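Q: So for the sequence shown, numbering that gives the first Met the number 0 puts the first residue at 0; every next one is plus one.
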Amino acid sequence: MKKILFIAMLVVFGVSASNAQTKSKSKKSGKAKIEKTVAPKVITPAVDGAGMVFENETIDYGTIAHNADGRREFVFTNNGNKPLVIESTQGSCGCTVPTTPKEPIAPGAKGTIGVKYATDRIGQFTKTVTVKSNAVGQETKVITIKGNVLPDPTPAAEPTKS
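(1) What are the uninterrupted segments assigned as beta strand (DSSP E) that are 3 or more residues long and contained completely in the segment 87-155, given in chain order?
(2) Looking at the unbroken beta strand (DSSP E) that takes in residue 59, where does it start and where does it end?
(3) Under a Cβ-count criterion, where at least 16 other Cβ atoms within 10 Å of its own Cβ denotes burial, should residue 73 be classed as buried or exposed?
(4) Compute the beta-carbon to beta-carbon distance between residue 104 and residue 77, rounded to the nearest angstrom, for a pair I have assumed lies under 8 Å.
(5) Which of the three DSSP states, helix, strand or coil, is assigned to residue 7?
(6) Find out if the Cβ-Cβ distance for the pair residue 129, residue 139 is shorter than 8 Å.
(7) Let me confirm a value: residue 97 is counted as buried when at least 16 other C-beta atoms fall within 10 Å, else exposed. Which label applies?
(8) How should residue 166 be labelled, buried or exposed, when 16 other C-beta atoms within 10 angstroms of its C-beta is the threshold for buried?
(9) Which residues in the same chain have their Cβ closer than 8 Å to the Cβ of residue 150, if we skip the five residues on either side of it in sequence?
(10) Look at the Cβ atom of residue 50, then the Cβ atom of residue 79, and state whether they are nearer than 8 Å.
(11) Just to confirm my understanding: we take residue 81, look at its own chain, exclude 5 residues before and 5 after, and list those with CB closer than 6 Å. What are they?
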C-alpha cells in the first residue's frame, strides 16, 4: 500500500513539475506580447422606426436618509430612424412621480425620464414606472427604482439623576 501511495505522489509531482517548466519556458521565449484590452462597446441595434434603449432599466437608490432628495433620471437613446414620442409615463403608486419628455427624441439622440420618489416613507421600496411610446416592438416599457429609506435617528435619552 505504501508503494502505491509513493508512486502516485511521484506521478503527481512529476506532472506538476513538467507543467511548471512548460509555462516558464513559454514566458521566457520570444518577445513579451502586450495585449491591449478594450472594454466592449455596447452596440445598440438600429430599429426601423422609433426605438428606445435605456442605459439602465433599474435605478438603485441604495440606502438613503429619511426625507432625502428622491430625484433620479433614466437616460435612454432613440436607436431608430424615426423620432421617438413618449406618450405617457405612469408610476406604480402615488409615491413615484415620473416626468415625461415633451418633445420628440430625434434618431440617435438621448432623452431622460425623471423620477421622484417620496422619501418620507420609511423602509425598503421597489416601484415601477410604465413608459408608453411609439417605440417599435416595445410600445410599453417598465423601468424600476428600488432602495431603502432609513428612519430618523432617535435622540439619546438623557440619564435621570436620582
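Even glycine gets a Cβ: it sits at the ideal position worked out from N, Cα and C. In this text the structure is predicted, and so the values were computed from the model without any measurement.
A: With the given structure in hand:
(1) 95-98, 109-116, 122-132, 139-148
(2) Counting from one through the sequence shown, the residue named residue 59 turns up at place 60. Counting along the chain, the beta strand (DSSP E) containing residue 59 begins and ends at 57-63.
(3) As a working mapping, residue 73 is identified with position 74 in the sequence shown. Its Cβ being crowded by 16 or more others within 10 Å, residue 73 is buried.
(4) Residue mapping note: residue 104 aligns to position 105 of the sequence shown, counting from 1. Residue mapping note: residue 77 aligns to position 78 of the sequence shown, counting from 1. 4 Å between Cβ atoms; contact.
(5) On the sequence shown, position 8 is the one that residue 7 refers to. If DSSP states are grouped into helix, strand and coil, residue 7 belongs with the helices.
(6) By 1-based counting over the sequence shown, the position of residue 129 is 130. By 1-based counting over the sequence shown, the position of residue 139 is 140. In contact: residue 129 and residue 139 (Cβ atoms closer than 8 Å).
(7) For the purposes of this step, residue 97 is taken as residue 98 along the sequence shown, with counting starting at 1. So residue 97 counts as buried.
(8) Residue 166 lies beyond the stretch modelled for the chain, which goes from 0 to 161, so this question has no answer here.
(9) In the sequence shown, residue 150 corresponds to position 151, counting from 1. Contacts found: 65, 121.
(10) Indexing the sequence shown from 1 puts residue 50 at position 51. Indexing the sequence shown from 1 puts residue 79 at position 80. Taking 8 Å as the Cβ cut-off, residue 50 and residue 79 qualify as a contacting pair.
(11) Residue mapping note: residue 81 aligns to position 82 of the sequence shown, counting from 1. These residues qualify, in order along the chain: 48, 49.
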